[in-house]
Amino acid sequence: MENFEFFNPTRIIFGKKTEDKIGKILKRDGIQRVLFLFGKSSIKSTGLYDRVIHALQKEGIQFVEHGGVKPNPVLSHAKEGIEKAKKNKVDAILAVGGGSVIDEGKTIAFGAETSGDIWEFFKRSRTIDKALPIYVILTLAATGSEMNGFAVMTKEETQEKLSVSSEHLFPKVSILNPELTYTVSSQYQAYAAVDTIAHVIEYYFSGQYCPNLQNRLIESLIKTVMENTEIILQEPQNYNARAEFMWAATLALNGITRLGIKGGEFPNHMIAHALGALYDLAHGACLSIVIPAWMKWYLEKNIKQFERFAKEIFSSKDAHEGINKLKEWFRKIGAPVTLREAGISEKDINRIAENAYSIAVVWDMAEKYSKEVLTEIIKKAND
Ligand code: NZQ
Ligand code: ZN
Numbered sequence: 080m081e082n083f084e085f086f087n088p089t090r091i092i093f094g095k096k097t098e099d100k101i102g103k104i105l106k107r108d109g110i111q112r113v114l115f116l117f118g119k120s121s122i123k124s125t126g127l128y129d130r131v132i133h134a135l136q137k138e139g140i141q142f143v144e145h146g147g148v149k150p151n152p153v154l155s156h157a158k159e160g161i162e163k164a165k166k167n168k169v170d171a172i173l174a175v176g177g178g179s180v181i182d183e184g185k186t187i188a189f190g191a192e193t194s195g196d197i198w199e200f201f202k203r204s205r206t207i208d209k210a211l212p213i214y215v216i217l218t219l220a221a222t223g224s225e226m227n228g229f230a231v232m233t234k235e236e237t238q239e240k241l242s243v244s245s246e247h248l249f250p251k252v253s254i255l256n257p258e259l260t261y262t263v264s265s266q267y268q269a270y271a272a273v274d275t276i277a278h279v280i281e282y283y284f285s286g287q288y289c290p291n292l293q294n295r296l297i298e299s300l301i302k303t304v305m306e307n308t309e310i311i312l313q314e315p316q317n318y319n320a321r322a323e324f325m326w327a328a329t330l331a332l333n334g335i336t337r338l339g340i341k342g343g344e345f346p347n348h349m350i351a352h353a354l355g356a357l358y359d360l361a362h363g364a365c366l367s368i369v370i371p372a373w374m375k376w377y378l379e380k381n382i383k384q385f386e387r388f389a390k391e392i393f394s395s396k397d398a399h400e401g402i403n404k405l406k407e408w409f410r411k412i413g414a415p416v417t418l419r420e421a422g423i424s425e426k427d428i429n430r431i432a433e434n435a436y437s438i439a440v441v442w443d444m445a446e447k448y449s450k451e452v453l454t455e456i457i458k459k460a461n462d
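Using our numbering, you'd call the opening residue of the sequence shown number 80 and step up by one each time.
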């Protein structure tokens with residue numbers, strides 16, 4: 080096992096009706112005024128918007144609204160939020176939604192405490208040293224943003240999708256009520272399953288050594304995600320299935336699964352972010368296209384781990400079959416597995432490779448992932 084340091088300061092409040100506590104939690108922490116972030120419409124149609132406002136008003140917490148966060152959140156909307164946060168002198172961010180709302184909330188949290196071009200932080204030429212405290216009510220379990228220090232944003236003008244990471248971006252408190260995810264569509268549930276699996280397999284395959292404890296943790300998370308997704312697609316209001324899925328999604332990217340692994344990178348996310356930036360495709364759908372292609376390209380570089388994956392997840396002796404079965408499962412739950420299925424032309428392969436390469440440069444992965452290598456991988460996404 081490799082040496083490691085682990086830090087995760089987020090308090091998780093998990094279970095039924097826990098969102099009603101938000102006013103009391105903020106008051107206990109001495110928060111008087113929040114920037115209240117949410118997405119396009121789901122929070123209003125489910126009635127959660129009214130319940131949150133009621134909980135805030137009951138405890139005398141003032142709020143300024145910043146709604147309309149879009150999936151694959153954009154920098155221009157975050158900048159509007161930063162102006163609102165500064166002008167109204169809010170002392171915290173309250174993000175109610177999925178990964179997009181939380182990530183924009185995190186961006187506003189550090190943007191409100193700095194001046195200059197915030198994109199420099201995503202380009203990794205500046206580091207975050209301060210942010211407003213972040214509070215979350217999660218409505219879609221997928222990204223793990225509720226218990227990690229990452230935020231992912233898109234700069235529309237340049238079609239760049241990049242991430243930023245800092246200890247200051249861990250939410251202070253995240254409220255996880257599985258009932259709030261009952262209304263997530265089957266399409267987004269499928270994308271959420273793909274994303275969660277993606278978070279655990281990146282290091283599992285690309286690391287040079289993975290301790291057995293981590294292997295088993297990861298395999299347990301994958302099995303939990305697959306089993307419960309199948310139940311959720313049949314019974315969207317099955318509490319235990321939603322609960323197991325929700326907690327698995329949080330554990331998948333809160334830092335624990337990568338501990339003690341030697342090396343490891345996030346290549347599938349790098350290529351998926353290029354697709355997200357160019358086509359505004361849902362993150363999970365980008366990953367379901369990229370993962371089988373990357374796996375085929377990477378197979379020989381870590382054959383033993385692919386054999387293990389095939390055996391543990393699909394009771395198969397054949398590493399190739401493990402990849403094909405995962406691809407079939409993605410397709411079965413309704414996620415696209417080729418560029419064509421997502422309506423992306425083969426003619427765009429160079430453009431995708433170029434965009435992915437620009438991310439590789441920022442992520443310090445350009446040596447391994449040259450434009451030629453990226454083109455080779457992306458071509459496999461049309462097989
Ligand atoms: O906008 P509304 O109307 O709320 O609808 C949303 C949106 O259309 C809807 N939704 C959310 N909760 C719902 C619901 N619909 C019905 N009932 C509910 N309870 O779902 C749609 C997708 O929401 P979004 O937040 O975009 O999805 P997700 O949680 O998958 O977040 C995706 C974003 O997170 C980034 C992705 O790149 C993408 O930009 N990621 C963030 C990470 C992180 N911070 O750690 C890591 C990930 O790898 C990922 O990159
Ligand atoms: Zn992801």
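Beta carbons are placed, not taken as given, at the ideal position from N, Cα and C, and that holds for glycine.
Remember, it's a predicted structure, so these values are computed and weren't measured experimentally.
### Check: phenylalanine 229 C-beta below 8 Å from any heavy atom of the ligand NZQ
yes
### Query
Which residues mark the beginning and the end of the alpha helix (DSSP H) in which isoleucine 187 is found?
178-190
### Message
Is threonine 222 close to the ligand ZN? I mean its beta-carbon at under 8 Å from any heavy atom of the ligand.
### Response
yes
### Three-state secondary structure assigned by DSSP to valine 452
helix
### Message
Let me check understanding here. Comparing Cα to Cα, which of Glu420, Pro371 and Asp427 lies closest to isoleucine 402?
### Response
Pro371
#### Entry: Distance cut-off 8 Å: leucine 259 Cβ against heavy atoms of the ligand NZQ
yes
### Message
Which complete alpha helix (DSSP H) runs does the region 340-418 hold, if anything under 4 residues is left out?
### Response
346-358, 362-377, 382-393 and 398-412
### Message
So, with DSSP's three-state summary, where would you put phenylalanine 249?
### Response
coil
### Query
Starting from glutamine 287 and walking both ways along the beta strand (DSSP E), at which residues does that stretch end?
286-288
### Message
Which residues does DSSP list as the beta-bridge partners of lysine 100?
### Response
DSSP, once it has assigned bridges, lists no residue as partnering lysine 100.
### Task
Given a cut-off of 9 Å, decide if isoleucine 254 and leucine 217 are closer than it, judged by their beta-carbon atoms.
yes
### Message
Tell me the residue span of the alpha helix (DSSP H) that contains methionine 325.
### Response
318-331
### Message
Quick check on aspartate 208: buried or exposed, where buried means 16 or more other Cβ atoms within 10 Å of its Cβ?
### Response
exposed
#### Entry: Rounded C-alpha distance that separates lysine 302 from phenylalanine 393
10 Å
### Message
What residue range does the alpha helix (DSSP H) around valine 243 cover?
### Response
Where valine 243 is concerned, there is no enclosing alpha helix (DSSP H), although the beta strand (DSSP E) it sits in stretches over 239-244.
### Query
Which one or two residues does DSSP pair with lysine 234 in a beta bridge?
Glu239
### Query
In the structure shown, what three-state DSSP assignment does arginine 107 receive?
helix
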